[in-house]
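Numbering (my numbering), first residue to last: 8 to 537.
Printed below as a string of structure tokens:
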């Protein structure tokens with residue numbers, strides 16, 4: 008049950024006095040008359056509210072000291088009443104309200120409050136963004152923004168402008184006509200930078216009316232923060248294949264409002280796409296024989312990829328091609344770019360960050376100067392020999408050639424890669440985990456990529472094969488003159504990328520009297536990246 012207002016109690020008191028004949032009361036003068044300024048279109052009637060309109064009192068509209076023509080009046084019922092006024096011409100009007108007791112009483116007076124009716128366009132309408140509830144309003148680059156306006160004026164048209172007064176393209180194009188009986192919506196087609204959305208309202212008239220067009224901007228302001236663009240082109244400068252060292256990444260059409268930083272992660276076996284791998288989210292590395300790398304779809308909001316590290320400081324966009332240095336790179340890597348913006352919002356600054364859709368792949372040639380040791384021993388029959396190779400880079404095949412000759416001496420030597428998750432363990436065929444929704448195996452060896460059969464240790468049960476590093480490779484070769492050198496070409500197993508040219512490596516003869524096949528693993532070579 009609502010509580011009666013003091014003015015309602017006074018109205019009831021006066022009504023009782025009149026009914027009992029205790030006296031004659033005058034209409035209460037301080038009832039509320041149209042609290043807010045009333046704005047109407049030119050040529051439209053006005054409506055003035057009276058609250059409360061006393062029971063037994065007639066309210067008439069006066070223009071100065073004379074009643075308006077035609078007469079406009081309403082009889083009170085004790086509740087709020089609407090007094091319909093005349094059609095308004097070009098000039099603003101301030102009306103007086105004349106209150107008269109109905110017969111048999113004839114007491115009359117003017118109400119204290121007047122009603123000002125302004126001809127033109129209302130600028131204090133409620134404006135909102137119904138699809139963006141939170142404040143500050145933060146949307147993705149290229150999003151549409153729906154603006155709702157309540158109480159719009161019939162005969163007026165509405166459009167969107169930015170804080171500088173420039174028109175904002177809308178969908179569908181064209182201005183929207185007002186509707187006083189319901190909300191209207193205007194849709195900004197595509198926002199790309201932080202902006203303040205405002206509403207422009209206009210009213211035009213027929214030439215015969217001889218009236219100048221009306222124009223105004225609604226008072227409401229809608230600040231919109233826009234995340235950085237994600238669909239920029241990211242690529243490596245020059246060839247994506249380079250020796251160990253630094254690289255340069257370019258970002259096309261960088262935004263001056265964004266800060267860009269590069270985050271680098273070494274590629275693992277699972278990142279390389281086999282011939283029958285997924286067709287989506289794949290980077291085909293130019294300048295290679297079909298090397299493809301799988302990249303997961305970026306998250307909606309920035310999350311640093313697992314195992315990645317930022318290289319260098321963030322740099323602001325320049326509106327064109329932005330170059331960022333990456334390095335040093337020791338192994339094949341994928342480079343993702345973070346685009347971060349600091350938005351000027353009410354209160355504290357608002358920050359947002361996204362990952363660009365495109366990533367860049369940089370493939371690194373084998374280690375240029377590995378501590379490679381080559382030992383040779385001839386078999387007893389002298390018909391062939393054996394090379395014991397140690398100190399090679401994991402994941403690399405080493406091909407051996409007689410000096411200045413094209414034909415290989417034998418099969419290449421391969422140095423086994425450790426498990427990417429646990430470098431203390433060897434990879435194994437049984438290490439493959441169930442595939443996820445992206446259909447990419449998580450771990451384990453891949454045939455035709457890094458599956459190489461190693462030789463058995465001399466005492467198979469003496470060590471744990473899951474953790475013991477395989478014995479260094481033996482290469483069966485044709486006889487070579489002792490005390491010489493061989494040409495070596497290093498080629499990565501996963502990419503087929505090798506040194507630019509062969510390199511000469513001196514070899515020595517096994518001198519301890521043991522067969523190379525009896526020798527174990529050499530000390531662990533210096534790791535580049537597992």
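Glycine is no exception: its CB is placed at the ideal position from the N, C-alpha and C atoms.
Whose CA, out of the options, lies closest to the CA of residue i?
i: residue 70; options: 328, 98, 60; result: 98
i: residue 275; options: 330, 502, 93; result: 502
i: residue 232; options: 265, 219, 245; result: 265
i: residue 36; options: 66, 187, 199; result: 66
i: residue 160; options: 132, 380, 362; result: 132
i: residue 105; options: 115, 384, 147; result: 115
i: residue 199; options: 95, 361, 146; result: 146
i: residue 177; options: 158, 240, 380, 150; result: 150
i: residue 48; options: 30, 63, 100; result: 100
i: residue 240; options: 273, 366, 46; result: 366
i: residue 50; options: 314, 126, 180; result: 126
i: residue 339; options: 298, 313, 168; result: 298
i: residue 142; options: 259, 307, 351, 110; result: 351
i: residue 415; options: 55, 144, 394; result: 394
i: residue 247; options: 296, 384, 215, 28; result: 296
i: residue 305; options: 258, 83, 237; result: 237
i: residue 294; options: 168, 324, 245, 218; result: 245
i: residue 107; options: 83, 96, 28; result: 83
i: residue 218; options: 148, 96, 313; result: 96
Between the beta-carbon of residue i and the beta-carbon of residue j, is there less than 8 angstroms?
i: residue 483; j: residue 511; result: no
i: residue 249; j: residue 343; result: no
i: residue 206; j: residue 175; result: no
i: residue 408; j: residue 499; result: no
i: residue 124; j: residue 136; result: no
i: residue 172; j: residue 182; result: no
i: residue 277; j: residue 368; result: no
i: residue 223; j: residue 164; result: no
i: residue 64; j: residue 118; result: no
i: residue 271; j: residue 316; result: yes
i: residue 336; j: residue 400; result: no
i: residue 57; j: residue 75; result: no
i: residue 68; j: residue 92; result: yes
Using DSSP bridges, identify the partner residues of residue i.
i: residue 496; result: 406
i: residue 329; result: 258
i: residue 204; result: 229
i: residue 356; result: In DSSP, residue 356 forms no bridge with anything.
i: residue 339; result: Answer is none; residue 339 lacks a bridge partner.
i: residue 115; result: 107
i: residue 483; result: 393
i: residue 37; result: Partner(s): none; residue 37 has no beta bridge.
i: residue 80; result: 67
i: residue 317; result: 270
i: residue 214; result: None; residue 214 has no bridge partner.
i: residue 323; result: 266
i: residue 505; result: 498
Counting only the same chain and skipping the five closest in sequence on each side, list residues whose C-beta sits under 6 angstroms from that of residue i.
i: residue 417; result: 482, 483, 484
i: residue 420; result: 396, 405, 480, 482
i: residue 533; result: In this prediction, residue 533 has a pLDDT of 37, which is less than 50 and means its spatial position is unreliable; what the coordinates show is noted afterwards. Answer for residue 533: no residue qualifies.
i: residue 349; result: 356, 358
i: residue 230; result: 203
i: residue 309; result: 345, 360, 361, 362
i: residue 538; result: The structure shown has nothing for residue 538, since the chain only spans 8 to 537.
i: residue 497; result: 373, 403, 405, 505, 506
Indicate, with yes or no, if the ligand HEM has a heavy atom lying under 7 angstroms from the CB of residue i.
i: residue 54; result: In terms of ligand content, the structure shown is empty, and the ligand HEM therefore cannot be addressed.
Less than 7 angstroms between C-beta atoms, sequence neighbours within five positions excluded: which residues of the same chain meet that for residue i?
i: residue 12; result: none
i: residue 187; result: 158, 159, 160, 161
i: residue 288; result: 301, 302, 303, 304
Can you give the beta carbon distance from residue i to residue j, rounded, assuming they're within the 8 angstroms contact cut?
i: residue 333; j: residue 373; result: Actually they are not in contact, since the Cβ atoms of residue 333 and residue 373 sit about 19 angstroms apart, beyond 8 angstroms.
i: residue 204; j: residue 190; result: Contact flag wrong, Cβ pair sits at about 16 angstroms.
i: residue 235; j: residue 243; result: About 21 angstroms separates the two Cβ atoms, so there is no contact after all.
i: residue 492; j: residue 410; result: 6 angstroms
i: residue 61; j: residue 85; result: 7 angstroms
i: residue 128; j: residue 184; result: About 13 angstroms; that fails the 8 angstroms criterion.
i: residue 4; j: residue 81; result: As displayed, the chain neither begins before 8 nor continues past 537, which places residue 4 out of reach and without an answer.
i: residue 59; j: residue 14; result: 7 angstroms
i: residue 261; j: residue 319; result: Actually they are not in contact, since the Cβ atoms of residue 261 and residue 319 sit about 15 angstroms apart, beyond 8 angstroms.
With a threshold of 8 angstroms between beta-carbons, can residue i be considered close to chain D, or not?
i: residue 64; result: The chain inventory of the structure shown lacks chain D, comprising one protein chain alone.
Might you give, ordered along the chain, the residues of its own chain that have their beta carbon closer than 8 angstroms to the beta carbon of residue i, omitting 5 neighbours on each side?
i: residue 322; result: 266, 267, 268, 329, 331
i: residue 170; result: 202, 203, 205, 228
i: residue 21; result: 32, 35, 61
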